[in-house]
Amino acid sequence: MNYGPLPRKEDARLVRGKGTFVDDITLPGMLHGAVLRSPVAHARITSIDTAAALAHPQVEAVLTGRDLAGTLPGRDFSWMPTLSGDVQAVLATDKVRFQGQEIAFVIARDRYSARDALELIAVEYEPLPVLVDATRALDPGAPVVRDDLDGRTDNRIFHWSAGDKAATDAVFAAADVVVTQDMLYPRSHPSPLETCGIVADADPVSGRLTIWSTSQAPHAHRTVYALITGIPEHKIRVVSPDLGGGFGNKVPIYPGYLCAIAGSVRTGRPVKWTEDRSENLMAGSFARDYHMHGEIAASRDGRILGLRARVLADHGAFNGAAQPSKYPAGFFHIFTGSYDLRAAHCEVTGVYTNKAPGGVAYSCSFRVTEAVYLVERLVDLLARELGMDPAQLRMANLLQPDQFPYASPTGLVYDSGDYPQALRLAMDLAGYADLRAEQAARRERGQYMGIGVSFFTEGVGAGPREHMDILGLAMADAAELRVHPTGKAVLGVSCQTQGQGHETTFAQIVAEELGLDPDDVDVVHGDTDRTPFGLGTYGSRSTAVCGAAAAIAARRVRDRAKIVAAAMLEVAESDLEWADRAWRVRGDPEQARNIGEIAMAAHSGLRLPDGIEGQLDARAVYNPPNLTFPFGAYICVTDVDPVTGQVVVRRFIAVDDCGVRINPMIVEGQIHRGLADGVGIALMQAITFDHQGNCLAGSLMDYLLPTSAEVPSPELGTTVTPSPHHPIGAKGIGESATVGSPAAVVNSVLDALAPLGVRHADMPLTPAVVWRAVQGQPLRTDLAGG
Amino acid sequence: MQVPAHVEYEKAGSVGHALTLLARYGPTARVLAGGHSLIPMMKLRLAQPETLIDIGGLAELAFVTRTDGELRIGALTTHAKLLEAPETASQFAILQDAERVIADPVVRLWGTVGGSVCQADPSEDLSAAFAALRATMVIAGPEGNRSVPVRDFFTGPYETVVGSGELLTEIRLTAAPASFLAGSAYEKVGRRAGDWPIAAAGVFVSLDEDRATITAAGIGLTAVGADRFCAAEAEEFLLGRLATVENVARAGQIAAGHCRPVSDQRGPADFKRHLAGELTVRALRRAVQRALRQTRGSGATGSAADGGGA
Amino acid sequence: MAEEPDVRITVNVNGADCSRDVEPRLLLIHFLRDDLGLTGSHWGCDTSNCGACVVWLDERPVKSCTILAVIADGRRVRTVEGLERDGVLDPVQVGFARCHGLQCGFCTPGMMLTARWLLDHHPDPPPAAIREALSGQVCRCTGYENIIRAVRWAAENPTSVPE
């Protein structure tokens, strides 16, 4: 079996410091770009004077919006389409709409001079009223952010709903108990350690545009660049080299990328742009920012009957979120969670504000993070209301194995799962009863310990082509497998690793299907010239979609190999069976040929049946029939000091089920990361603003990321419920722990504070937020001075 | 990554040479020690000196020495060296407490004590620790050395009395006599490891032979807008009083009442004021406990393993 | 916009003396990456918080984004490229690969160099000490657990063989 904790092929170069990240790339004659950004959140631009910057001896060019209108014939890309079908300014012309918005692009001979020249650009602003508070965005008289859009008189972007409203209202009206809670999932940011960047090389002679960039979806980017710039798509090559993390932050096409492309066209030389951390945090794709109103209906004896949610989604100044186009709120309708409900209904209203664009990022699985947080908080609040243990309440309401495939009240079909088994395992690993006993004993001594439970189901692996596309590009992904005469294989994939180990895991998939050694399979990714088209890696879709394509391509190779083997052995195809890594004659297994032997023969003059082509290459485009549904049960133990507000995460128990695990070592690594995300998101991370729209988290000094000192050693458990519709039975794991963990931490802290009468507090639960909650004077966590 | 503006550079070969360079380049020059306070400011272009005078090579300014009456810390002593210096045990444990929670282990290997205090950030931990210890700052200038009590050293956010032609060379602490029961402690609350404090309190206390009456008290506060980084009114209250739970609590209240915290992204003012009081209480408690652990007549040594009451 | 004359510096990097003329404001990380082509050390923030840039300066880990190249004049720098000796990986490097202590690899050089320094001074550190030593450096991929295990592996296997 090639599935197992294989060491990674990537590591040989990475531990030697020999990876190639975008900023490592230097080309002859390369210039450096820097972006001038708006210091204010909402203002009219009355003038931009670049003369002094142009006069700087190291400066080659300065671009403004006006220049982008004329760089390529017939093309004005001072504005560009977003992945949500909106438009976004590349370089602001009339107005700036968020602090940090791009105004001008300096191109200089070295990066220090480019930075110096930014200070030589004089911009005059006429301030406008600022809209920062999403809850005021639809007030009459609110400043209109997008007056660039014809006929736009308000800040509403979309309204979307799912579920049966009438049935849900009826359930609520008849229920014994209804618990209601407003909760904020604050604006967050994935902050991959490598910021976004690009080297753009527009060759004036060949007309080819070669781009190295931090892109999680190089093919999609190529197509969009072609549409925006008019450069023919077959002359564009996009390469994602090694990426220093992505987490959704590297899905969008950023203005800086287009500026670098324009700069290269203008100067005839390669142009590199790599953003500062402050740019990444202030202008790069943020995540979350959902203001949620949730309600849960139940019977007195603890049967959950229905869920209702109303959400205000803050999308910032441009709708740049990336999600399947028919789902403007992503898969938020999975908010029904892991429970057997009678009815549910949700509605989401998206609004513009004077903040950076984005919303879908940071391992959200397209808003599943928001949905799971909501339902898991509501279930805990219900447990509190009913006086029931939160684990027992969940156990009593979890979907049962015989209910799968399960059609949820909002139209999703969960593929498979044994939920009670996972929760039981988590409780065993945690020693749940002992923890409750310890908690009781500590309470007697005036010590506050919390036990938080979170059970999540997420939907990943988008998705079926007839339902899921981004900008009209269906979310199918592909694999191309070539088997050389000497039996070595090369697999080209359309997905894009940012650290998830695809060079190893995809080799394992092919090796498993073909009986090869993983070392005999090379995985090629990230270069649009060498790989098939696909929509890339985010939403935990690599294994679920591209992995399926790889398996199917490998099976096609194996099927062709069977024909060749039959010819080699001079038997009928029906006499052969695949066993022990070879095609073997049924009843006479010594008569066998493995792929290595078959490969040479397939390239030879061996006579093959009519209509059968030689060689062994195969290709597959996988159109998933459905999402896949990983799930898990998490338990978090915290110790809280209500006097100082400090929280220590003592233990984190996580049971995950992602179906078949190709490489358990890599799967566990993904889970470890997501648990750390939970600690950070729950306790310290938030992109906050003041009332003037100033971003208060523009550096890692204030956008605090968890360190090794805050994250405990995780305790992991495994259950395996294969996906019935996936060729390998695998579901995907990349985002599961980020989805499930924040609620576990928050539930834990609030469990600790329950004796003090604290019912709810919004993330991040910093010491100030915890203390104020204990005082009964909650602190608003998205707006300073709120 | 953000990068500094153009700057000129001179490397000093001695303290005298540094003073000469400072005189030559005037107020547009800045002293570069470990660089871990100044260079971050220069990268953000919040500080834009025209000339850097690099004193990082002046090994004679990196020392921690203890005589009977005094602890002397050279301005170029790194945070890491101060943390691990055996001289900072017992009555000066506040310095170890504080250094343990300043920045992170790698930054502490390079950032210097002098660099941090001269940066004079209103949330600087060492400012409170030295204020509690009533340190003396030794400043070298063209006319020779002058000594300034730490409580007169800071004149405002990011401002000290060190003139443009002067150099902080060492920090001196008076050691309480061996016969005294002396103890110190530092308590800090931040949002995460390595963060600046939301609030922090440092305490030095000495007790009389009766093991109960407070004969000296220093309370330093940082990040809460306390005047001169100390809680003078609370110190005055404690002098001559018994170190009881009630008096300690009262001292905390007085300290909280006299600071002027400002709301920011670390927390609202009421929380900071609350912490100022609570952390004063906790630091007092621990300092008193440590003082009581001193074996009578051997105040210079002492660890948790020593005899004496808790 | 004053133009200051470049300063001539000689820095011993991974055992070899490198002399260059540099602007005084040039940060050490950029000197290593852009002037010397040693791109194994990375940068990830503006405020000395992330630690992607950690190298050794005179045998001590330093955040090289917070040091000017001129300060390194006459001193010794060790980068990740200098961790291996004669093609033999350091036990820390082997440990990171064996224990899945890296995913994207961006924080890894800095983590390994601090780990190497820690082990040189404390050959058998408990996990808590490793967590403390690395608490100034951020990883976004691993959640730290496997980094701790990697350092423990290196502590327990102090003499590794060529891979």
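These protein sequences, in sequence, are chains A, B and C. Position one of the first sequence corresponds to residue 397 (the working numbering), numbered consecutively onward. Position one of the second sequence corresponds to residue 58 (the working numbering), numbered consecutively onward. Position one of the third sequence corresponds to residue 1085 (the working numbering), numbered consecutively onward. Glycine included, each C-beta is placed from N, C-alpha and C at the ideal position. Quick caveat: nothing in here was measured; it's all calculated off a predicted structure.
* **Rounded Cβ spacing between Gly816(A) and Met791(A) (contact assumed at less than 8 Å)** => Note that residue 816(A) corresponds to Pro in the displayed sequence, not to Gly. That pair is a contact at about 6 Å.
* How about Gly1185(C): is its C-beta nearer than 8 Å to some C-beta of chain B? -> no
* Closer than 7 Å at the beta carbon, the chain A residues around Asp252(B) -> Leu1100
* Nearest-angstrom Cα separation, counted from Ile1093(C) out to Leu224(B) -> 26 Å
* Run the CB neighbour count on Asp490(A), radius 10 Å, all protein chains shown included, and call it buried at 16 or more, exposed below. => exposed
* Cα separation between Thr1163(C) and Trp253(B)? -> 29 Å
* **Short CB-CB distance (under 8 Å) between Ile1151(C) and chain A** => no
* Per DSSP, Phe731(A) is paired with what? -> For Phe731(A), which the question treats as bridged, DSSP gives no partner whatsoever.
* Asked: Can you round the beta-carbon distance between Val1170(A) and Leu1146(A) to whole angstroms, since I take them to be within the 8 Å contact cut?
  -> With a Cβ gap of about 11 Å, Val1170(A) and Leu1146(A) do not count as contacting.
* Asked: Since Ala449(A) and Val458(A) are thought to touch, with beta carbons under 8 Å apart, how far apart are those beta carbons, to the nearest angstrom?
  -> 5 Å
* Asked: Thinking C-beta only, is Arg1015(A) closer than 8 Å to Ala1140(A)?
  -> no
* Selection of the region 1126-1149 of chain C by Cβ proximity to chain B, strictly under 9 Å -> Trp1127, Gly1128, Cys1129, Asp1130, Thr1131, Ser1132, Asn1133, Gly1135, Cys1137, Val1138, Leu1141, Arg1144, Pro1145, Val1146, Lys1147, Cys1149
* **Per-residue DSSP class, three states only, for Val1075(A)** => helix
* Asked: Near Tyr82(B), what residues of its chain come up, given a Cβ to Cβ distance below 6 Å and the 5 sequence neighbours on each side ignored?
  -> Thr108
* To do: State whether the region 919-927 of chain A contacts the region 877-892 of chain A, with contact taken as three or more CB pairs (one from each stretch) at a distance under 8 Å.
  => yes
* Since I believe Leu1203(C) is in contact with Ala1181(C) (beta carbons under 8 Å), could you give me their beta-carbon distance rounded to a whole number of angstroms? => In fact, because the Cβ distance is near 16 Å, the residues do not count as touching under 8 Å.
* Ordered list of beta strand (DSSP E) runs contained in the region 491-515 of chain A, each at least 3 residues -> 498-504
* Asked: Would you say the region 204-216 of chain B touches the region 233-251 of chain B, given that touching needs at least three Cβ pairs under 8 Å?
  -> no
* Asked: Excluding the five sequence neighbours on either side, which residues of its own chain have a C-beta within less than 6 Å of the C-beta of Glu520(A), listed in chain order?
  -> Thr442, Ser443
* Using the beta-carbon count (16 or more within 10 Å), is His1184(C) buried or exposed? -> buried
* Asked: Any C-beta of chain B sitting closer than 8 Å to the C-beta of Ala1217(C)?
  -> yes
* Asked: So, using beta-carbon positions, are Leu487(A) and Ile499(A) closer together than 8 Å?
  -> yes
* **Residues of its chain near Gly324(B), where Cβ-Cβ distance is below 6 Å and the 5 sequence neighbours each way are ignored** => Ile255
* Asked: Name the DSSP bridge partner or partners of Ser204(B)?
  -> Val195(B)
* Given 8 Å as the limit, is there contact between the region 806-821 of chain A and the region 1019-1032 of chain A, that is, 3 or more CB pairs closer than that? -> yes
* For Arg191(B), which residues from the same chain have a beta carbon less than 6 Å from its beta carbon, with the 5 sequence-adjacent residues on both sides left out? -> Gly275
* To do: Identify, in the order they occur along the chain, each residue of the same chain with its Cβ nearer than 7 Å to the Cβ of Gly1028(A), setting aside the five sequence neighbours on each side.
  => Ala818, Phe852, Ala1050, Val1051, Asp1052, Asp1053, Ser1132, Gly1136
* Where Val886(A) falls: helix, strand or coil (DSSP) -> strand
* Look at Ile1062(A) and Gly857(A) and say whether their C-beta atoms are less than 8 Å apart. => no
* Of the listed residues Thr901(A), Ala997(A), Thr422(A), nearest to Gly1183(A) (C-alpha basis) -> With chain A covering only 397 through 1182, there is no way to say anything about residue 1183(A).
* To do: Let me know the secondary structure DSSP gives Trp253(B) once reduced to three states.
  => coil
* Could you tell me whether the Cβ atoms of Gly1055(A) and Glu1165(C) are closer together than 8 Å? => no
* **Segment limits, alpha helix (DSSP H) that includes Arg839(A)** => 828-840
* Asked: According to the neighbour-count rule (16 or more other Cβ atoms, all chains shown, within 10 Å of its Cβ), is Gln105(B) buried or exposed?
  -> exposed
* Asked: Of the residues that make up the region 643-674 of chain A, which ones have a beta carbon closer than 9 Å to any beta carbon in chain B?
  -> Thr670, Asp672, Arg673, Ser674
* Counting only the same chain and skipping the five closest in sequence on each side, list residues whose C-beta sits under 6 Å from that of Ala709(A). => Tyr686, Val744, Gly746
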